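In the working numbering, the protein residues as written are 325 to 463.
Below you'll find the structure, written out as structure tokens, and then a few comments.
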């Protein structure tokens, strides 16, 4: 066998092996992706169910508490959440308290702005009245 022919056979064998390895890797990756998609769908479904379940309860508590923050805190502490949600309850409470505080501040600022707006309108009317009076005096 000539050295050229041996090199050619080795090269062809290597290329065939590389193609086989590549296709095997492709098959493995495809299987892994399919498994991970199923796992992802399962986890996502469970997460959505838990979020729906928790969300329903939180909406009930929010409605029951109204805008009274302290009664909401007490009601949330008395509530029995599933064990896997217990660590999240504290974070939720902090976020909710922050949201309520922000909402209360926004309402307070909104009322202040409405009050200022009314004052500005009143002052504008007074200025218009003064201008009319000055025009009448000048005319």
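The C-beta atom is built at its ideal place from N, Cα and C for all residues, glycine as well.
Note that this is a predicted model, so its numbers are computed, not measured.
- Between the alpha carbons of residue 431 and residue 439 lies a gap of roughly 12 Å.
- Straight across, the Cα-Cα distance linking residue 433 with residue 462 is about 43 Å.
- Going by C-alpha positions, residue 436 is about 26 Å away from residue 453.
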